[in-house]
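The structure appears below as structure tokens.
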Amino acid sequence: MSQPVDPIEGGAPVEEPVPERVRRRGWAIDTTPLRDPRYRRLFWGIATTTIGQQMTLVAVPFQVYLLTGSSFMVGVTSIVALVPLIVFGLLGGAIADAMDRRRLLVVTSVGAAVTSALLAAQALLPGGGNLVLLWVLTAAVSAFTAVNSPTRYAVIPALVGTAGVPAANALAMTVRQIGVIVGPLVAGLLIGLGSLFTAYAIDAVGFVVAAVLLRGLPPLPPGRDAGKLRLGAAVHGVWEGFAFLRTQPVLLMTFVVDVIAMLFAWPQAVFPELSETRYADSPNSLGWLFAGISIGALGMGLTSGWVSKVDRQGAVVIVSIAVWGVAIIGFGLAPTLWLAVLCLAVAGAGDMVSAVLRSAMLQTAAPEEMRGRMQGVFIVVVTGGPRLGDLRAGGLASAAGVSFAMVSGGVVVVLAMVAVALLVPSFWLFRASRSAVDRTG
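Laid out in structure tokens, this is it:
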């Protein structure tokens, strides 16, 4: 593989960053990766798009409800967005392993910017927009995002080196959590002022800024010769990725444990019922419930300096998901809103640790030529797991009550993590230091 080229110096090769082992004190988030100007471009590209994306995630279902007056149609819109996320999440990973990743990031950012601008334009149509057009554009945004997201994470090891991957992931995921909190609040304010157009337009501007920033990255070829991109080859690449995953129990388990956590203990479907029943007397209970997990994740992200030093990554992932399960048990039994939000925050903190380390394991343990596809599967799991969890929690809560749905799910998660530790010792014993040696040896 050729060395990356410094775009400012006009073609002179720049040396790969040497992982810096800095002895950090305290719990503050590790900002070492931000010293690298290349990672800073990626980081601010993520930051400028996250808030706008979250605003669009609020604006689209609100506009659908305005147009139809039907919550069912809002649910259909979620499926409209989910299908391209799954299809292009998998294809996007394969594409990221077959072409220059900088070029792919720029192309998908420009595509998302154009699509978001069209969303803003359709919001100005007579009658408040057009449902079919809104669905088509929503699917298009999801497709571009599904390709862009795994590519972003696939390039991180090339930018910061193996030792910097956990810290770089923590920074990227922390800024995303800020967007998850701020984006809906800003969108709600704009919607209250009657300006759906502005909410979509901000998303478009964010992608334009990201495209400019990402264009300044050095060439980021995959771990093999990048030939002409063909759809058939990309589809074949997806199957190659799954075939590879079947031979890698540690990497496979990074997906399995997250599916278990989300399927059995994702709580969002019961928030509306709790806000109207158990916590009906608490002001803005629905808003606090929706914010609880993100508050905990953000807090953990800001104090995640220790995560960069974790060597036994598999063991810490298992423990953090068990913490998630215990916290969801507490949430299911919480008699007051403040205690419920506290339990959700603890769950969010555990999920943040799990997400950072699982992503780091994928990025360091997977070979360079497979990283895009592994991140594509990661995005599909992260996106699809909570939606399956909503279905389980909502159905079980309707049949047996919210407390049973949440407590039983949390218990299953804790027991499942014990089983994983016992039955898949390679995952429990996984060490980042050994993985780095294997990848470079």
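Sequence positions in the sequence shown follow this note's numbering and run -18 to 422.
The beta-carbon is built from N, C-alpha and C at its ideal position, and this holds for glycine as well.
Keep in mind the model is a prediction, meaning the values are calculated, not measured.
L195 sits in a helix when the DSSP states are folded into three classes. Secondary structure within the stretch 85 to 151: the alpha helix (DSSP H) runs of 4 or more consecutive residues, fully enclosed, are 112 to 135, 137 to 141 (chain order). Put simply, the backbone Cα of G173 is about 39 Å away from that of P147. The straight-line gap separating the alpha-carbon atoms of S266 and L318 is approximately 7 Å. For A9, the secondary structure class from DSSP, reduced to helix, strand or coil, is coil. Nearest in C-alpha terms to M342, of all of I67, V395, L410, is L410.
Per DSSP, Y46 is one residue of the alpha helix (DSSP H) stretching across 18 to 49. Within the same chain, Cβ atoms closer than 7 Å to the Cβ of V307 are found at G391, V395, the five residues on either side in sequence being excluded. Annotation: the continuous alpha helix (DSSP H) that includes M387 extends over 383 to 404. Our two residues, I137 and V128, have alpha carbons roughly 15 Å apart in a direct line.
In the structure shown, D239 falls within a helical segment according to DSSP collapsed to helix, strand and coil.
The beta carbon of A98 lies closer than 8 Å to those of Y181, A182, A185 in the same chain, with the five residues before and after it left out. Per DSSP, the unbroken alpha helix (DSSP H) holding W305 starts and ends at 294 to 314.
V334 sits close to V297, with the two beta carbons spaced by under 8 Å. If the five residues before and after P65 are omitted, its C-beta is found closer than 8 Å to the C-beta atoms of A120, A121, S123, A124, A127, all from its own chain and listed in chain order.
With fewer than 16 other CB atoms across the displayed protein chains lying within 10 angstroms of its CB, D292 is exposed. Nearest in C-alpha terms to E254, of all of S379, V362, A135, is S379. Of all alpha-carbon atoms in E257, L118, V88, G108, the one lying nearest the alpha-carbon of T132 is that of V88.
The beta-carbon distance between A151 and S285, rounded to whole angstroms, is 4 Å. This is short enough to meet the 8 Å contact definition. Setting aside the 5 residues that flank it on each side, R82 is surrounded in the same chain by T132, V136, L201, each with a C-beta closer than 6 Å to its C-beta; the list follows chain order. C-alpha of A9 to C-alpha of V362: approximately 29 Å in a straight line. Rounded to the nearest angstrom, the gap between the Cα atoms of R259 and P316 is 7 Å. For Q35, the closest C-alpha among the options L105, L323, I159, V337 is that of I159. The three-state secondary structure of Y181, taken from DSSP, is helix. In the three-state reduction of the DSSP assignment, A328 falls in the helix class. With a contact defined as Cβ atoms closer than 8 Å, M387 and F312 qualify at about 6 Å. The alpha carbon of I310 has as its nearest neighbour, out of W247, R227, L118, the alpha carbon of W247. For T30, same chain residues with a beta-carbon under 6 Å away, outside a window of 5 residues either side, are G187, F188, A191 in chain order.
CA-CA distance, G295 to N111, rounds to 48 Å. The beta-carbon separation of I299 and A402, rounded to 5 Å, stays under the 8 Å limit for a contact. Judged by DSSP in its simplified three-state form, G365 adopts helix. Under the three-state reduction of DSSP output, T317 falls in the coil class, being neither helix nor strand. Inclusion of A62 and V251 in the CB contact set at 8 Å is not warranted, their separation being larger than that value. Nearest to V322 by C-alpha distance, out of G376, W269, R21, I67, is W269.
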